[in-house]
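In full-length UniProt numbering, the protein residues as written are 1 to 78.
A virtual CB, placed ideally from N, CA and C, is assigned to each residue, including glycine.
A quick note: this is a predicted structure, and the numbers were derived from the prediction, not measured.
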């Protein structure tokens, strides 16, 4: 179960919190009681991609493949 700390507590005790994270503990940093960030061990990020994991989260507009406006294209040529 993650431990929740406020921003001040996280700044004050960052070294101690990082030691806990290295041991596998998840730390949630909250602002006004609302979670804003999570500290997790770097090895916990698998980097594996799961097909379909973004389904319903990404929207591709119908004009996605249309040419960019001339003004935008010109900015790349400078």
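In the three-state scheme derived from DSSP, where H, G and I count as helix and E and B as strand, residue 18 is classed as helix. According to the DSSP assignment, residue 4 belongs to no alpha helix (DSSP H) but to the beta strand (DSSP E) extending over 3-6. Burial of residue 27 is indicated by the presence of at least 16 other C-beta atoms within 10 angstroms of its C-beta.
Taking C-beta separations shorter than 7 Å and ignoring five residues to either side along the sequence, the partners of residue 36 in its chain run 29, 30, following chain order. Boundaries of the alpha helix (DSSP H) harbouring residue 71: 70-77, taken from the DSSP string. The alpha carbon of residue 34 has as its nearest neighbour, out of 18, 6, 41, 67, the alpha carbon of 6.
For residue 27, the enclosing beta strand (DSSP E) stretches over residues 27-31. Residue 17 counts as buried, since at least 16 other C-beta atoms from the protein chains shown sit within 10 angstroms of its C-beta.
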